[in-house]
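Enquirer:
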Amino acid sequence: MNTRKKDLAVCITFVLMFAFGFLLCTLLPKPRESASERRLLAQMPELSGETVLSGRFMSQFESHVTDTFPFRDSFRTLKALTALTLFSRKDSHGIYWADGFLAAVEYPQNEDSLSHSVDVFRFICDTYLTDGQSVYLSVIPDKNCFLAPESGHLSMDYDAFEAFFQEKADFAKYITISDLLEKGDYYKTDTHWRQEKIMDVADRLADAMGTSLSQDYRIHTHNGDFYGVYRGQSGLPLAPDSLHYLTGPAINGCSVYDWQNQRKIPVYNLTMASGRDPYEMFLSGSLSLITIENPNAETDKTLILFRDSFGSSLAPLLTSGYAKITLVDIRYIHPNFLDQFLDFEGSDVLFLYSTLVLNHSETFLK
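Take any residue in the sequence shown, count from 1 to its spot, add 57: that is its number in this note's numbering.
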């Protein structure tokens with residue numbers, strides 16, 4: 058075949074591939090959301106003289122085409138595998154794979170963010186609590202604490218992280234739980250810890266707060282597969298986790314009220330376990346204000362738990378030690394208005410947050 062015919066064959070092949078791709082993009086239905094990434098996809102923007110002249114149309118159109126490209130998830134997986142294996146990159150879009158676990162690079166330590174979180178906690182204590190009221194603080198390390206030193210990825214100094222709060226948060230008694238945790242206590246494809254692995258953490262917290270817990274639990278396994286947030290973000294084809302949850306006399310007898318939506322909710326919302334984010338089965342996910350009442354508690358103690366999503370799976374394990382637990386998420390409810398919803402008098406107060414949230418405490422309303 059001479060050069061002219063070769064060039065012609067290349068041109069024809071290119072035109073056919075371009076036409077085929079154009080037809081796929083045009084004729085295939087456009088998804089509205091990505092199940093793997095747990096987000097809505099960019100939709101076709103409005104075409105008007107204003108949007109064209111301002112440049113918004115082309116910018117939004119580019120996002121729409123990128124989000125709805127045919128077989129996008131397959132291409133994302135191919136890209137991630139190529140980057141990590143063929144080109145030996147340490148991470149893919151900030152997500153790395155080590156010893157069968159996925160984790161997000163969390164570095165460096167943000168001193169301003171840590172100081173801001175302490176200021177918010179101090180404001181709450183100074184504004185609403187009385188002298189002598191029991192206040193506790195505990196930091197939940199993320200998976201990097203256990204994975205990064207072995208895999209060679211950048212990570213914060215978690216000992217220094219805890220030391221910062223032990224020193225600066227002098228208004229609270231610090232409870233160390235990092236020594237009770239290891240990488241196997243976390244889901245392989247998700248951010249969070251596994252409820253069935255943190256009974257010792259609940260015991261440590263309860264003991265430090267002057268109460269005791271029942272160990273009468275039964276472990277259940279949800280039938281569906283649990284694909285965590287890191288699997289979707291990375292595009293890597295890891296096997297799913299199993300989602301377990303605990304029941305027992307104390308937990309089974311509890312009633313839960315969601316004040317944000319004015320409704321009763323179950324301790325474990327099994328409908329949400331089959332939804333976009335299965336971890337939201339624990340107390341129905343990210344809600345600003347929840348109360349758990351245990352009418353069968355052997356104590357009249359009450360607890361106000363300031364928490365992030367990690368607290369959703371821990372709180373049910375504390376129910377045997379408290380007649381009432383109020384969960385507050387100050388990422389969604391402003392600290393200035395807490396007295397409109399909470400009675401602090403006589404309650405233990407626990408600030409329980411993950412390093413991931415504390416290192417980005419701009420999410421706290423203040």
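Beta carbons: idealized from backbone N, C-alpha and C, even for Gly.
Whose C-beta lies closer than 6 Å to the C-beta of asparagine 326 among residues of the same chain, with five residues either side of it excluded?
Expert: So the qualifying residues of the chain are Met338, Ser341.
Enquirer: Can you list, in chain order, the residues of its chain whose CB lies under 6 Å from that of tyrosine 231, leaving out five sequence neighbours each side?
Expert: Closer than 6 Å at Cβ, skipping near neighbours: Leu194, Gln223.
Enquirer: If we ignore side chains and look at the alpha-carbon of each, how far apart do leucine 204 and leucine 293 end up?
Expert: Between leucine 204 and leucine 293, the C-alpha separation is close to 18 Å.
Enquirer: Out of Ser299, Cys68, Ser208, Cys202, which has the shortest C-alpha to C-alpha gap to arginine 146?
Expert: Taking only the C-alpha atoms, the option nearest arginine 146 is Ser208.
Enquirer: Could you please give me the residues that DSSP links to tryptophan 316 through a beta bridge?
Expert: In the DSSP output, where bridge partners are listed per residue, tryptophan 316 has none listed.
Enquirer: Between which two residues does the alpha helix (DSSP H) containing phenylalanine 218 stretch?
Expert: That run of the alpha helix (DSSP H) goes 215-225.
Enquirer: Here's the rule I'm using: 16 or more other beta-carbon atoms within 10 Å means buried, otherwise exposed. How should threonine 444 be labelled?
Expert: An answer regarding residue 444 cannot be provided, because it is not within the stretch 58 to 423 covered by the chain.
Enquirer: Which residue comes first and which comes last in the alpha helix (DSSP H) that contains arginine 275?
Expert: Unbroken run through arginine 275 is the beta strand (DSSP E), 275-278; no alpha helix (DSSP H).
Enquirer: Once you ignore the five residues that flank tyrosine 287 on each side, which residues in its own chain have a CB closer than 8 Å to its CB?
Expert: Within the same chain, tyrosine 287 has close Cβ partners Ile152, Leu159, Ala160, Ala161, Thr246, Asp247, Thr248.
Enquirer: Determine which residues share a DSSP beta bridge with tyrosine 243 and list them.
Expert: Looking at the DSSP assignment, tyrosine 243 forms a beta bridge with Trp250.
Enquirer: What would DSSP say about phenylalanine 401, mapped onto helix, strand or coil?
Expert: Of the three classes helix, strand and coil, the one that applies to phenylalanine 401 here is coil, per DSSP.
Enquirer: On the criterion of 16 or more Cβ atoms from any shown chain inside 10 Å, does tyrosine 336 qualify as buried, or is it exposed?
Expert: Tyrosine 336 is buried by the Cβ-count criterion.
Enquirer: Which whole-angstrom value is the C-beta distance of glutamate 350 and lysine 381, which I expect to be below 8 Å?
Expert: The pair is a contact, with the Cβ atoms about 5 Å apart (cut-off 8 Å).
Enquirer: Would you decide whether asparagine 201 is buried or exposed? Buried here means 16 or more other CB atoms lie within 10 Å of its CB.
Expert: Flag for asparagine 201 reads buried.
Enquirer: Curious, which full-length alpha helix (DSSP H) runs of at least 4 residues does the stretch 159-190 contain?
Expert: As far as the stretch 159-190 is concerned, its whole alpha helix (DSSP H) runs of at least 4 residues are 168-185.
Enquirer: Give me the DSSP bridge partner(s) of histidine 301.
Expert: Histidine 301 is bridged to Thr278.
Enquirer: Using the C-alpha atoms, what's the distance from leucine 422 back to threonine 304?
Expert: One C-alpha to the other measures close to 34 Å.
Enquirer: With DSSP collapsed to three states, give me the class of valine 324.
Expert: Of the three classes helix, strand and coil, the one that applies to valine 324 here is coil, per DSSP.
Enquirer: Taking only the alpha-carbon atoms, compute the straight-line gap between aspartate 444 and threonine 142 and give it to the nearest angstrom.
Expert: The question about residue 444 has no answer here: the residues shown for the chain are numbered 58 through 423.
Enquirer: Suppose the cutoff is 6 Å on Cβ atoms and the five residues either side in sequence are ignored; what does the same chain contact list for serine 377 look like?
Expert: Correct list, in chain order: Leu270, Ser271, Ala307.
Enquirer: Can you tell me which of Ala259, Gly267, Tyr302 puts its alpha carbon nearest to the alpha carbon of histidine 279?
Expert: The option with the nearest alpha carbon to histidine 279 is Tyr302.
Enquirer: Cα separation between phenylalanine 367 and serine 411?
Expert: Cα to Cα, the separation comes out at about 7 Å.
Enquirer: Kindly indicate which three-state DSSP category tyrosine 336 falls into: helix, strand or coil?
Expert: If DSSP states are grouped into helix, strand and coil, tyrosine 336 belongs with the helices.
Enquirer: Please state whether DSSP places isoleucine 349 in a helix, a strand or coil.
Expert: If DSSP states are grouped into helix, strand and coil, isoleucine 349 belongs with the strands.
Enquirer: I'd like the span of the beta strand (DSSP E) that includes phenylalanine 421, first residue to last.
Expert: Counting along the chain, phenylalanine 421 falls outside any beta strand (DSSP E), and DSSP gives it neither H nor E.
Enquirer: Does the distance from the C-beta atom of phenylalanine 283 to that of aspartate 298 stay below 8 Å?
Expert: Yes, Cβ-Cβ distance for phenylalanine 283 and aspartate 298 is below 8 Å.
Enquirer: Under a Cβ-count criterion, where at least 16 other Cβ atoms within 10 Å of its own Cβ denotes burial, should arginine 364 be classed as buried or exposed?
Expert: Arginine 364 should be labelled buried.
Enquirer: Based on the DSSP output, what are the partners of valine 414 in its beta bridges?
Expert: For valine 414, which the question treats as bridged, DSSP gives no partner whatsoever.
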